[in-house]
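K.L.:
2 protein chains.
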Amino acid sequence: MEKLKNHLKRLSKFENALALLHWDMETYMPSNAAERRAKIIGEISTYVFEEFVSEKTKEYLESANPKTSEDEAIIRLVKKELEKVEKIPPKLFKELQIANALSQQAWQKAKEKAAFNIFKPHLEKVVKLQKEVIEHIGYEKNRYDTLLDNYEPGLKTETLKKIIPTLRKFLVDFVDELENGEKPNTDILEGEYDVEKQREFSLELLKMLNYDLTSGRLDASAHPFTISISHNDVRITTRFDKYDIKNSIFSTIHECGHALYEQGIPEEYRELPIGDGASMGIHESQSRFWENIVGRSLEFWNFVYPTFVKYFPRFKDVEVEEFWRAINIVERSLIRTEADEVTYNLHIMLRFELEEALINDKITVEELPMLWNEKMKEYLNITPKNNAEGVLQDVHWAHGSFGYFPSYMLGNLYASQILFAMKKDIQNIEEKIQSGQFDEILSWLRNKIHSKGKVLEPNELIKEISGEELNPNYFVSYIKEKYSKVYRITH
Amino acid sequence: MEKLKNHLKRLSKFENALALLHWDMETYMPSNAAERRAKIIGEISTYVFEEFVSEKTKEYLESANPKTSEDEAIIRLVKKELEKVEKIPPKLFKELQIANALSQQAWQKAKEKAAFNIFKPHLEKVVKLQKEVIEHIGYEKNRYDTLLDNYEPGLKTETLKKIIPTLRKFLVDFVDELENGEKPNTDILEGEYDVEKQREFSLELLKMLNYDLTSGRLDASAHPFTISISHNDVRITTRFDKYDIKNSIFSTIHECGHALYEQGIPEEYRELPIGDGASMGIHESQSRFWENIVGRSLEFWNFVYPTFVKYFPRFKDVEVEEFWRAINIVERSLIRTEADEVTYNLHIMLRFELEEALINDKITVEELPMLWNEKMKEYLNITPKNNAEGVLQDVHWAHGSFGYFPSYMLGNLYASQILFAMKKDIQNIEEKIQSGQFDEILSWLRNKIHSKGKVLEPNELIKEISGEELNPNYFVSYIKEKYSKVYRITH
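Note that the protein sequences, when read in sequence, are chains A and B.
Read in order, the letters of the first sequence are residues 1 to 491 in the working numbering.
Read in order, the letters of the second sequence are residues 1 to 491 in the working numbering.
1. Where do the ends of the alpha helix (DSSP H) carrying A99(B) lie?
2. Relative to the alpha-carbon of M280(A), which residue among L148(A), P165(A) and I329(A) has its alpha-carbon at the smallest distance?
3. Give me whichever residues DSSP pairs with S230(B) in a beta bridge.
4. Please classify A220(A): does DSSP put it in a helix, a strand, or coil?
5. Do we get a CB-CB distance below 8 Å when we pair H231(A) with the residues of chain B?
6. Put T68(B) into one of helix, strand or coil per three-state DSSP.
7. At a CB-CB cut-off below 7 Å, which residues of chain A make contact with A17(B)?
8. Note down, in chain order, each residue of its chain lying with its Cβ closer than 7 Å to the Cβ of G504(B), except the 5 sequence neighbours on either side.
9. Find out if the Cβ-Cβ distance for the pair N345(B), N412(B) is shorter than 8 Å.
10. Closer than 7 Å by C-beta to N16(A): which residues in its own chain qualify, once you throw out the five before and the five after it? Chain order, please.
11. For D233(B), count neighbouring C-beta atoms within 10 Å of its own C-beta (all shown protein chains included) and say buried if the count is 16 or more, exposed if not.
12. Who are the near neighbours of N328(B) in its chain, counting only those whose CB is closer than 8 Å to its CB and skipping five residues on each side?
13. Tell me the DSSP bridge mates of T238(A)?
14. For D187(B), list the residues DSSP reports as bridge partners.
15. Under the DSSP definition of a beta bridge, which residues are partnered with F244(A)?
16. Compare the C-beta of T364(B) with all C-beta atoms of chain A and state if any pair is closer than 8 Å.
17. Around the Cβ of D241(A), are there at least 16 other Cβ atoms within 10 angstroms (buried) or fewer (exposed)?
18. Within 10 Å of its beta-carbon, does P273(B) have 16 or more other beta-carbons around it, so buried, or fewer, so exposed?
19. Within 10 angstroms of its Cβ, does Y478(B) collect 16 or more other Cβ (buried), or is it exposed?
20. Report yes or no: do three or more beta-carbon pairs, one from the segment 77 to 87 of chain B and one from the segment 22 to 36 of chain B, lie closer than 8 Å?
21. Is K452(A) helix, strand or coil when you go by DSSP?
22. Once the 5 residues before and after A99(B) are set aside, which same chain residues still bring their CB inside 8 Å of it?
23. Ignore the nearest five residues each way along the sequence and tell me which others in I348(B)'s own chain have a CB closer than 7 Å to its CB.
24. Could you say if the segment 191 to 208 of chain B and the segment 16 to 29 of chain A meet the contact criterion of at least three C-beta pairs nearer than 8 Å?
25. Report the residues of the segment 161 to 184 of chain B with a CB closer than 7 Å to any CB of chain A, ordered along the chain.
26. Is it true that the CB of K120(B) sits closer than 8 Å to the CB of E374(B)?
27. Going along the segment 212 to 226 of chain A in order, which residues come within less than 9 Å of chain B, judged by CB to CB distance?
28. Can you confirm whether the segment 241 to 260 of chain A touches the segment 185 to 205 of chain A when touching is taken to mean that 3 or more C-beta pairs between the two stretches lie within less than 8 Å?
29. Measuring alpha carbon to alpha carbon, tell me which of L155(A), E356(A), I236(A) and N6(A) ends up nearest T27(A).
30. Quick one, which of I465(A), H396(A) and Q198(A) has its alpha-carbon nearest D425(A)'s?
31. Note the first and the last residue of the continuous alpha helix (DSSP H) segment covering M29(B).
32. Residues of chain B with CB under 9 Å from F14(A), in chain order?
33. Once the 5 residues before and after F225(A) are set aside, which same chain residues still bring their CB inside 6 Å of it?
34. Is the segment 294 to 313 of chain B touching the segment 432 to 446 of chain B, taking contact as three or more C-beta pairs under 8 Å?
35. Taking a cut of 8 Å between CB atoms, which residues from the segment 398 to 431 of chain B lie near chain A?
36. Could you tell me the distance, in whole angstroms, from the CA atom of V133(A) to the CA atom of A115(A)?
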């Protein structure tokens, strides 16, 4: 067991270097270095991959003698990964990698010109190869299960299909209902915001929320992200938009949620497969918990508003409740990444339904733009002006990340379910938030989730936390209660 | 030959990652990550080292069929490195590494407390092990040759000993002579300088001097340095001192000189042992050329002064010549890194003489502080108040870098010799500088030096450039002429 662990820990140090190479690429790398950087990353990744699938790993694995549940989890995770790799013929793997790279380039062009036809043949190729990969890996009931398993181990397509229709109906109806409420006034948010002030305020937020800046840092990048370079080095980035203060605030809090998870993973799990989040969905639950449940609550803004006004004095005559309502406006919008808490999951359902049908040959790539627009009309009653703000808006399909989208929705659902469980242990959470006492909340999350690393599968973890399987009703109650207040609707 | 090259190119990509890990450590790494970072660097360095000394390298080397002088240089450099490694017993190598690490820690403490005794036993150990290493590697006439060879391949101790006495005498006498001249008024430099303005002015300087900011960047660090992460990614750092504008200006130009060298190394040499500077001394000649010969000249300030005044308007009533004289003041000072062009080499001679005597058992570690102070008295007529500003001031001996100090002096000597050669090809260099036309100067350096990489040894290179071996007379003439003007002395 020690041999296996040391082998994995050694390889993880090369992964640490890869993480830094990636972080640097998105933050500080000189533009001309891009081509060379890709080659460096390629060479080191190849080495790590080859060492991982080597006979050495298999030998250590066979002779490993697990003594703890952590050891067992390590063995399970390594075996699973190795089996998956072994089932895919190297030629097919390589072909898929090349197809993904070309498809991503084509997508970029297609999006710029809003021309789906540029992207279509590439996406067809990617889908075809993805299906071949799935056939090699195998599946029980639904091809899509294999894809889901990459991001949410153990979750079945069936479960999603059971949950979605009711949830979708509620959301579609609820968006309609909000139209009878009192629309927040977003005019108060208009105007310019000094970027340096935004940066300083972001740092204030991070300190408040107990993100450890001596074991991490905040930088700017085009797309905000969190990355663990190593233990004690969990970095986040945010985005500063001169005309949209919401962007930096909620990107910062969102990434802070991811980073608090990573900073809470036990040191002894680090450099091992269990030194990671339980799944993409659970990871997203942590970012959404802090971004939405805490960060978009009235209690939070009651606490943070004086500091905010110090940085942006123009708000000194704006009531905190008006500000809170403005940052929680619900809109029938086209772009997923800009969607609010209520409509967000509708964007995800649309994508899930299309990709699941695509992988199971129920629809064709050709039909995608049309079906996308039909579903947008049905769920949100709006129609994209062109494919750039429709089917071409996300990069995920372009680089072959089918099965990823549900993680975003699961994050939202888990977060509400976690909140409900937390309320049984912590009295008056709202008051704690209102007085800036976030440490008890963080300790609870550390204890129940962060400290578990990737030892448990997400379904086991959520059951351990809440006593039940994934249940979307908590999210429904949360949305109903909060947005009735935002829109001043009385039932 | 191709196999050997591909092997080396592969390894160099891991070295690129190491370079980034180092750069990040000095610039943006969160403080708590230090311990983990050392382990990551250790693991990857070990891998690169083991791959380099592997049978694979030897096989490729034996069957390699060099076709060009570049190929031959590659083989020569790899062979030399391998032989050196093979002659040192692994146990001794490891022992030295540990001793160096401990010694550096002890030095830090000793310097803080100005207590040489804390450092003494560690330095004794390091010197003892260094001598053992030299005995294993072997030498012809002088143990110190082996050390010199690490930084200045081919240079002999004999050569330095021949050059130094005359040069020293000139410098000691010249410093005396300057006391009869007109001392520059440095009061005009006193006061505070906004750090952001310093950063902006540093960037202006880099652009003027043709440093390619799309293939590099400028950051701040405690000790300024230049690092090649990869081709098209040559980064520099500088230091911003709120009360000393000279610090950032000349650190920036100095590092710019190093970086222009690195940015001028041919792409096809990159990732190979020839894709580097010819030696530490030649590298230093490039930084000193730009920092001192160009950057501290009156012509340069005639050109740059209007921009400088734009950033620091307080100088609008200061004559450029007064400013130029102030930044060129010659002082009997204690700290090498703060020394001016005239006294700098005296600091180096002192160190060279002591370390050469130490390695050849002519003096003991115990005697070092006393001998240091005696030489300071003799060369500069000043005495350190304590060992922190005396024998303990530099880190070099603490981490075992014996033989490095002469590179600094060689850089100064080479730079003047290069200037003399350049003047034969470029008419009116002073006028070019005065009008900001630095491109012709850079092209000349690119053509004569940068484009050669490490194909030639430094003595071959300087002969090719100037038609003669290292000759300190060019430096003497340069110093005499310039500082007679600064101090308004007429002969």
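The C-beta atom is built at its ideal place from N, Cα and C for all residues, glycine as well.
P.N.:
Walking through what the data contain:
1. P90 to K113 is the span of the alpha helix (DSSP H), which, as asked, contains A99(B).
2. L148(A)
3. According to DSSP, which records beta bridges pairwise, S230(B) is partnered with D233(B).
4. In this structure, A220(A) counts as strand in the three-state DSSP scheme.
5. yes
6. coil
7. Those are A17, L21, I40 and I44, listed as they occur along chain A.
8. The shown model of chain B, from 1 to 491, leaves out residue 504(B), and the question about it has no answer.
9. yes
10. I229 and S230
11. buried
12. P184, R296, D340, E341, K482, Y483 and V486
13. By DSSP's assignment, T238(A) forms a beta bridge with A220(A).
14. Looking at the DSSP assignment, D187(B) forms no beta bridge with any residue, so it has no partner.
15. Strictly speaking, residue 244(A) in this sequence is Asp, with Phe absent from that position. For D244(A), which the question treats as bridged, DSSP gives the partners D241(A).
16. no
17. exposed
18. buried
19. buried
20. no
21. helix
22. H122, K125, V126, L129 and G400
23. F405, P406, Y408 and M409
24. By the C-beta criterion, the segment 191 to 208 of chain B is judged not to be in contact with the segment 16 to 29 of chain A, since fewer than 3 inter-stretch pairs fall below 8 Å.
25. none
26. no
27. D212, L213, T214, S215, G216, R217 and D219
28. yes
29. I236(A)
30. I465(A)
31. Looking at the DSSP string, M29(B) is not in any alpha helix (DSSP H), and its letter there is neither H nor E.
32. F14, A17, I40, E43, I44 and Y47
33. T237
34. Yes, since at least three Cβ pairs between the segment 294 to 313 of chain B and the segment 432 to 446 of chain B fall closer than 8 Å, the two stretches touch.
35. Close to chain A, meaning a Cβ-Cβ distance shorter than 8 Å, is no residue of the segment 398 to 431 of chain B at all.
36. Cα to Cα, the separation comes out at about 28 Å.
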